[in-house]
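Q: Please find one structure pasted underneath; my questions will follow.
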Amino acid sequence: MSTRITKDPNEEDEIMKKGQYTWEIKEYRALNEAKVRGPTFTVGGVEWNILLFPRGNSNQHLALYLEPVQPKKTNPETGEEEPLDPNWYVCAQFTLVISNPKDPKNYILNTSHQRFNKDATDWGFSNFTDLKALYQSRKDHGPLIWEDKVNITAFVKVLKDPTGVLWHNFLDYDSKKETGFVGFKNQGATCYLNSLLQSYFFTKSFRKAVYQIPTEGEDPNDSVALALQRIFYQLQHSQDPLDTTELTKSFGWDTGEAFTQHDVQEMNRILMDRLEARMKGTVAENSLNNTFVGKMKSYIKCINVDYESSRTEDFWDIQLNVKNLSNLTQSFQNYIEVELMNGENQYAAQDYGLQDAKKGVIFESFPNVLHLQLKRFEYDFNYDQLVKVNDRHEFPESIDLSPYLEHQEGSNPDPLIYDLHGVLVHAGDITTGHYYAMIKPDQSNNWYRFDDDKVWKVTRRQVFDENFGLDPLDNTKLAKMTRVQYQNYQYRRHTSAYMLVYINRNESANILQEVTESDVPTYIVDEVKKELEERERLRKELEESYLYLNINFYTNKLFKKYEGFDLGPYTEEDSPYTLRVLKEKKFTEIFTELKESLDIDGESVNFWIMNYRRNQTLRPSSQLQYDNLTVGEIYEKFLSKKHSSANLWIEEPENDLNTAIGEESTVAETQETELVTSSEKILMFLKYFDPENQSLKGLTHFYTDSDATIESLIPKINKYLNFDPDQTLDLFEEIQPTSIEVLVPSYSFYKAELSNGDILTVQKSVLNNNEDILSSNSRDIYPFYDSANLYYEYLRTRIYVKAQPLADTSNDDEYVVKKDTDELFDFWISTHAPYEELATRISKVAKVDPKYLRIFVNYSGNRIPLRTDMFVGNVTPKSVSALTPLFEYEVLNISLHELENMKSIKVHWLTSGYFHYQLLDILIPKTGTIQDLIDKIQHKTGFDAKDKENCMVWANVNFKFFQVLYPEIQVASLENTLTIFAAILPEETITLEKQFAIEEGDQIDDNGNKADHEKLVPVIQFNKDPTRQHGISFVFKLIPGEKLSETKKRLQKKFGLGTKEFSKVSLCAWDTQFKKPLYLEDDDLVTYDEITESDYLCMDHPNRTSRQGSLQGGGISIK
């Protein structure tokens, strides 16, 4: 979708000139032409015409347009008129009015605006009004035409265009030409990343620091630092928008990540952490801290005694509240606002006891480049979701931050002025939207909008006022708006700054100092320049492609060294020799270059046209009769127009089979069809499959009579290969990669349907040999293919892979043997190969029993384990151009088969309350019990072995307590839908044992439990409605006679929330048979008596995990 800059029609524009003109038409019926141009008039130095279609423009409506007259000049060479300036344009708002000459109040008008240029020569209204309105009365008015007269008036305002893009549609816009800058392409949802990168690029001291990171020899697909260096340098020199795919690949992102909108602040911090780690130990160390890091102090200061408790912390950015605050100054004041601690909230000062105190935050220093995060996105507890704050919030061009710095009371600190450098904008709501950046690249006052792949100049109003947001209007005002006004209101209200970048005025010269070529590592300069030159070469080549023809020459030498299908590869290292030849060049003129490059005399060889057959194989079909033809004439006369290049096979007669064994060679007659008659000479090719060396190579070509038998060829082949004359051979036809057919020796070539260009493959006979070929594999080759057709299948399905030991052992490391090598090796393997073959191939290098290998495939950090029932093709890409698969392996102390017969259980291990947990992935034999699981948890976490008896394991289903998992329960019985939790809970474990251990004399209630005895009750969490459950459900001890106030205190301590947060929690009892819970509000009631056997004790409070990640994890990462 193209971008178009629009303006609110109610806002004042910078009007350069305005004027009006009335075209008085005296005889309307005399206008016989379909289109009539009115008299020329001038407004703002531009000549204008009114275009009238008196009988409609292909419809039943009067059509009116405004047309500027573009200045022309006469071409001195052609004598024809042409535009004086091809880039000429004029921006105008206009109103066209048609009125009755006698009654000026009888009129119809329409208003519009346009950027007129060479592509938009006129603009107006094809449906200005119904033609009937000219002669018929309309409601309170008569006809527009009076006595065949009518007036048409044009009101024109010619506007200034300070940015150069007013009402631009950007269809032919060149950012580099217009602004000197380029943007980034959007991969799908990477506009937030694009705006952040532009902000960092123009923080020039940061750019210099990134260039100082040593990255030579690294792969930009794996190195964030190198990818960032390259993209920065390309931004300096590229003429076109850049692709960020290389950078996002270095993050470890797949395509799906590029279509996911992420949090900008989180992305910013993760990127900074990664770069900071790379800068350690280099000349760039501390560069980020010196540029982006400030210090703030959190303090509690007693009012009546001399005591202060404080903590100083670094900060990378400041998150400022926006809601109910009108500007940035108020946000800063809100941030450092002092809280008074008195009354019941007095501070317990060391050595002084409870004291009145002031609690707050103050800044000790601000960084040279200050990032301010405006909290436009907040969690609304009433609606239980994130919402966007669209209210108006103003930010200044410059701000004095000295009032927010720590200083002596009564003193006046020196001003600390920061100037606005960048505004990162979000347009949209919480679920959808678009990000872009407004940046002032240098110390001038010019601002630019960086919006993905487009960059354009903007006004101060567009930087400031249009990104403040708008306060909501009441429905009365909204109802009075036109559709356009309402759309503009909604757009303005939902478009606002979410991040501001300010620069210390005293340091701006250093921060914004220009980056020169000498600041960039030479290897970056050389690599990028080479790539840009190659890109330019390909662009020019594409432009000139119609003048040239690429000819691929296949030779006997290539055929002999090539292992694969057809006569040679299409795009590999040993690809055919390619010449780019002018089409007007004579074919014979290329012989000199063939001699120099291939050492082939063009006069003594034959050239064969190679065509793609219906099965997509490329084979010679007929000799080329080039005579005195040009390359272009040959292409038009003999070659398929489906392909942009030509393929020719060079026949060297001295290299054919007959000549090589000393027999007379014959030449086939020229023919252009794959079919032959029973008495023709045909040209064929011969390959040899060597089982002992597992190789397939081209031998030579040969001519034969089509009525000769295939077996008549065998003595010649034996002689050529120096085999015993009586050696039996198996012959196959290579029809296509999926079709390798065994040939019947007694058949004639004609009967076997063999023709020009066909390929035969020969090997020593195995098809009728009872000998165990594998037992003769003395070289221990694995896998071993004993026949050509099997080897062809391997070639068709093989894939190049790499393998290495796993860098980090998996969670079940108790079964993993520590590696003593990190060797990376590569090999080819069939995608049809089973797991056993892959394991065997790897085991030969790892020198271990393949049964004890566990193998993973790793794609950009995403590791997938392989099962023993898998094939290689299950985990490798279908496209050969995809990334090379990396297999990682680890050596086990048990067989993989045994490991696969274990059950993987994810346990949420709780160590402090019911809010935070550690996720454990534990393997247990399928015959194991929960006690075995507890033993594994103790082994992994290292808790005291004495506490095993106090370790409680329980399961939830859909955030609701399901059951306690007793030690004797079999893990095989656990359903995958269960969420498992475990914790050391001595109090609950003892209570559980006593609750159901009935002794003589105990009083029993109606449910068969002990009466008036401590008991466990399941606790669930929900927000407002019991059906909206969340968090961890657990068991809690109820004590007979305990008041609700005491129960709350114990529950707060168990749950792990602070006093302030827990005060927002409402407790209630809920029987699932009833829709509504019973809220417990009287602190004096006895909780034990309110909770029946069928009740849950419920905590009604917001789901905090929506902000901190769910039980399933999530968030953004740079791997």
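Numbering (the working numbering), first residue to last: 1 to 1119. Where is the CB? At the ideal position from N, CA and C, for every residue including glycine. Quantities reported herein were computed from a predicted structural model and do not represent experimental measurements.
Tell me where the alpha helix (DSSP H) around Tyr-638 begins and ends.
A: Looking at the sequence provided, one finds Phe at residue 638 rather than Tyr. 631-638 is the extent of the alpha helix (DSSP H) around Phe-638.
Q: Would you check if the stretch 1033-1044 and the stretch 1079-1098 touch, i.e. whether three or more CB-CB distances between them fall below 8 Å?
A: At 8 Å Cβ cutoff, the stretches touch.
Q: By the DSSP assignment, the beta strand (DSSP E) with Ser-621 in it spans what residues?
A: It spans 618-623 - the beta strand (DSSP E) in which Ser-621 sits, taken as one unbroken run.
Q: Buried or exposed, going by whether 16 or more other CB atoms sit within 10 Å of the CB of Val-581?
A: Answer is buried; the Cβ neighbour count reaches 16.
Q: Apart from the five residues on each side of it in sequence, which residues of its chain come closer than 6 Å, Cβ to Cβ, to Glu-890?
A: Excluding positions up to five away in sequence, the list reads Leu-806, Val-816, Arg-854.
Q: Taking 8 Å as the cut-off, decide whether the C-beta atoms of Ala-803 and Phe-871 are in contact.
A: Their beta carbons are not under 8 Å apart, which means Ala-803 does not touch Phe-871 by this criterion.
Q: Three-state secondary structure (DSSP) at Asp-930?
A: First, the amino acid is wrong: residue 930 is Ile here, not Asp. DSSP places Ile-930 in helix when its eight states are reduced to three.
Q: Mind checking who Gln-355 pairs with in its DSSP beta bridge?
A: Gln-355 is bridged to Tyr-347.
Q: Does the distance from the C-beta atom of Val-953 to that of Leu-933 stay below 8 Å?
A: Cβ atoms of Val-953 and Leu-933: closer than 8 Å.
Q: By Cβ distance below 6 Å, which residues in the same chain neighbour Leu-247 in space, the five residues on each side in sequence not counted?
A: So the qualifying residues of the chain are Ala-227, Ile-231.
Q: At what residue ranges does the stretch 713-742 contain a whole run of the beta strand (DSSP E), taking only runs of 3 or more?
A: Correct list: 729-736, 739-742.
Q: Just curious, the alpha helix (DSSP H) that Tyr-491 is in, first and last residue?
A: 483-493 is the extent of the alpha helix (DSSP H) around Tyr-491.
Q: Let me know the secondary structure DSSP gives Leu-109 once reduced to three states.
A: Of the three classes helix, strand and coil, the one that applies to Leu-109 here is strand, per DSSP.
Q: From the DSSP output, in three-state form, read off Glu-968 for me.
A: Coil at Glu-968, not helix or strand.
Q: With H, G and I counted as helix, E and B as strand and the rest as coil, what does DSSP make of Gln-333?
A: Looking at Gln-333 - three-state DSSP - the assignment turns out to be helix.
Q: Can you list, in chain order, the residues of its chain with a C-beta nearer than 6 Å to that of Thr-670? Leave out the 5 residues immediately preceding and following it.
A: For Thr-670, the predicted structure reports a pLDDT of 46, less than 50, and the residue's modelled location is therefore unreliable. A value from the coordinates is still provided. Excluding sequence neighbours, Thr-670 sits near Ser-622, Gln-623.
Q: Kindly indicate which residue of Tyr-65, Thr-40, Gly-44, Phe-41 has the alpha-carbon position closest to the one of Leu-51.
A: Ranking Tyr-65, Thr-40, Gly-44, Phe-41 by Cα distance to Leu-51 puts Tyr-65 first.
Q: Can you tell me whether Val-1123 is helix, strand or coil according to DSSP?
A: Nothing can be reported for residue 1123: it is not among the residues displayed for the chain, which extend from 1 to 1119.
Q: Does the separation of the CB atoms of Tyr-418 and His-426 fall below 8 Å?
A: Going by C-beta atoms, Tyr-418 is not nearer than 8 Å to His-426.
Q: Locate the beta strand (DSSP E) running through Ile-1039, then write down its first and last residues.
A: Ile-1039 -> no beta strand (DSSP E), and no H or E assigned at all.
Q: With burial defined as no fewer than 16 other Cβ atoms inside 10 Å of the residue's Cβ, what is the status of Tyr-523: buried or exposed?
A: Exposed, by the Cβ-count rule.
Q: Once you ignore the five residues that flank Ser-775 on each side, which residues in its own chain have a CB closer than 6 Å to its CB?
A: Low local confidence applies: a pLDDT of 39 at Ser-775 is under 50, so the model's placement there is unreliable, with the coordinate-based value given in what follows. Nothing listed; no residue qualifies.
Q: Find out if the Cβ-Cβ distance for the pair Asn-327, His-393 is shorter than 8 Å.
A: Yes.
Q: What is the rounded straight-line gap between the Cα of Asp-222 and the Cα of Lys-249?
A: Between Asp-222 and Lys-249, the C-alpha separation is close to 7 Å.
Q: Check Glu-949 in the structure and name its three-state DSSP category.
A: DSSP places Glu-949 in helix when its eight states are reduced to three.
Q: Measure the alpha-carbon distance for Gly-353 versus Tyr-347 and round it to whole angstroms.
A: Whole-angstrom Cα-Cα distance: 8 Å.
Q: When we look at the beta-carbon of His-371 and count the other beta-carbons within 10 Å, is it buried (16 or more) or exposed?
A: Flag for His-371 reads buried.
Q: Okay, do the stretch 315-325 and the stretch 339-346 touch, 3+ Cβ pairs below 8 Å being the bar?
A: The answer is no - the stretch 339-346 does not touch the stretch 315-325, with fewer than three Cβ pairs under 8 Å.
Q: Apply the 10 Å Cβ neighbour rule to Gln-918 and answer buried if 16 or more other Cβ atoms are within range, or exposed otherwise.
A: Label assigned to Gln-918: exposed.
Q: Can you tell me whether DSSP reads Phe-749 as helix, strand or coil?
A: DSSP places Phe-749 in coil when its eight states are reduced to three.
Q: At what residues does the beta strand (DSSP E) containing Ile-417 begin and finish?
A: Element bounds for Ile-417: 417-428.
Q: According to DSSP, simplified to helix, strand and coil, what is Lys-906?
A: Strand, per DSSP.
Q: Can you list, in chain order, the stretches of the beta strand (DSSP E) that have 3 or more residues and sit fully within the stretch 544-588?
A: As far as the stretch 544-588 is concerned, its whole beta strand (DSSP E) runs of at least 3 residues are 548-554, 577-582.
Q: Could I get the ranges of all uninterrupted alpha helix (DSSP H) runs contained in the stretch 222-258, with 4 residues as the minimum, in chain order?
A: If we require 4 residues or more, the alpha helix (DSSP H) runs fully inside the stretch 222-258 come out as 224-237, 245-250, 255-258.
Q: Assign Ala-646 to buried or exposed, taking buried as 16 or more other Cβ atoms, counted over all protein chains shown, within 10 Å of its Cβ.
A: So Ala-646 counts as buried.
Q: Consult DSSP for Val-762 and reduce its assignment to one of helix, strand or coil.
A: In the structure shown, Val-762 sits in a strand (DSSP, three-state: E or B).
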